[in-house]
Each structure stands twice: as C-alpha cells, then as structure tokens.
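For the sequence shown, counting from 1, position 180 maps to 180 in the UniProt record's numbering; every step adds exactly one.
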Amino acid sequence: MIPSLKKVLETIGLNKNELAVLLVLLENGPMLVSSIAKAAKLNRSTTYGVLKLLSDKGLVSSINKTGVVRYQSIAPEQLPGFIERQRDALAETKQKIVALVPQLNLLRTKGKVLPRVQFFEGKEGVKQAYEDTIENNAGKLLKDISGVDAAVRTLGEDWANYYWKKRVKFGVKCIDLAPESEWARKIQANDTKHLRTTKFIPSQYGFDAELALYDKKVGIFSYAQESPIALIIEDDTVSNMMQKLFDCLETIAK
C-alpha cells in the first residue's frame, strides 16, 4: 500500500476497522470474508459488521457466484467521487448547524451560569480552537503574540497555510508580535497578502505558545508538551487586561 494513500483515506471519515478492510480490498480485489478478516487482522463477526457499514457507504459491494459470496471495493477511480459526495453532505450539515446556532445560544442563556472557558486538547482540538479566532471574529481584528515556529512545527505547514487563507477569506486582520526567527521573517514577507502586520520582539524572548486576543476573548495555545492544548477564555476583565499588556508590548516591537 502506498503510504500516501493510507494517509489520504484516513481523512474520509472511516474508523480504524473500516479503513483496514477497505485497504485490504483495494489491494486485493474480490475476497472471501475469511480472507479479508485474516488480512485485516479482525475476527469474522467484526469483519461482517464492517463490510455492512462500508456497503452502506457505497464503498464495498458483494458478488455471489455459485453460492459463494465475495466482497470487493469500489474502483480506485471512483474514490474522488465518494469524497466529493461526502464533502457536499458535510457542507449541507454545516449550513444546518449554522442556522441552529442562534437557538442553541438562546438555550444556553436561559441558565444562570454560562460556560466562559473552553478547553481543547490534542492537535485536532487545538485546530478547532483556532477556528474560533476566525469564524467568531469575521471582519474584525486579531491580536497575536505568537511562537510561530512551535505552531508550524506542531500543526504543520499545510494547516498553517489553510488557516491564513481562511482568515483572509473571513476578512480578519491581524497584528502579530513574534520573536524574530526564520519562520517569522517568512511570515512577515507575506503580511500584505495575509492582511497582517508582523512586528518582532527580541529573539531571546522566544516561547512555545501563543496568545490570541479577539472579540472579548483570550485564546491561549501551548505547544511545549507532547500533546498541544488550547484554552479560550471569554471574560471582559481578562480580555481588557491582556489587551493592555499587548499594547504595552507592541510599543517595543519592531
């Protein structure tokens, strides 16, 4: 199996067992359940259930020849069509969720105490926290004190490019204070393109974290440990204090 193929297939919403079975069928063509189970390292009952799930998703079909049932995956050239259909379905679901957000917020405000702090863990959790700095801040300003080297190293350059492009799409301007480094200089070179003003603070004050200030919120992102974490605090007092600290630090940035 081509390593890059497995990596791509991991992104189409299949669980671990579904992925294992689909990879086996893509590699081998029509197979008996017993052979699939052995190759995928699953027991037969689990394999039957997985085949049913993949069949429901349109990724697997069965062939009954002389009373013997074999299973096969869709042709490789059909995979892009499956991914496109899944993307369209997710887009439709997103629109439905967006339409429900006002009602969900209304339900939350009926309680006496509102959750003001959100905690995120792991790479995907941290990426989701970053989405809040864009989607709930459209057309506004984002102020950053960033350890950009650590962020790109942990979350990847592809994700960083995705984030910057999406921020521009939502019209979110950015003032970024960063310790001077090779990556920080690369980012500064694209400031105009990315609606950003990058200013450098002395490199000896480098850190593996980021502070994001936006829409009365404070986002704290940490990359020092093996599993990154993020914290979003929604509080006027904390936000005002951090805004003043940012303004103070900006006066010495270059």
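C-beta: ideal position from N, C-alpha, C; glycine also.
- Nearest Cα to M31 within the set A150, M242, S73 and K169: S73.
- Taking C-beta separations shorter than 8 Å and ignoring five residues to either side along the sequence, the partners of L53 in its chain run E18, following chain order.
- The three-state reading of DSSP puts G122 in helix, counting H, G and I together.
- In the three-state reduction of the DSSP assignment, E10 falls in the coil class.
- Each residue's CA atom was taken as its position, placing Q204 and V24 some 51 Å apart.
- Here the alpha carbon of V68 sits roughly 24 Å from the alpha carbon of P76.
- Short of 8 Å from the beta carbon of A151, and not among the five residues preceding or following it, lie these beta carbons of its own chain, in chain order: A160, E210, F221 and Y223.
- In chain order, G171 place their CB closer than 6 Å to the CB of G139, counting only its own chain and leaving out the 5 sequence neighbours on each side.
- The criterion of a C-beta distance shorter than 7 Å is not satisfied by F207 and E180.
- Close CB contacts of S34 within its chain, under the 8 Å cut and outside five residues either way in sequence, are with R44 (chain order).
- Straight across, the Cα-Cα distance linking I229 with E124 is about 10 Å.
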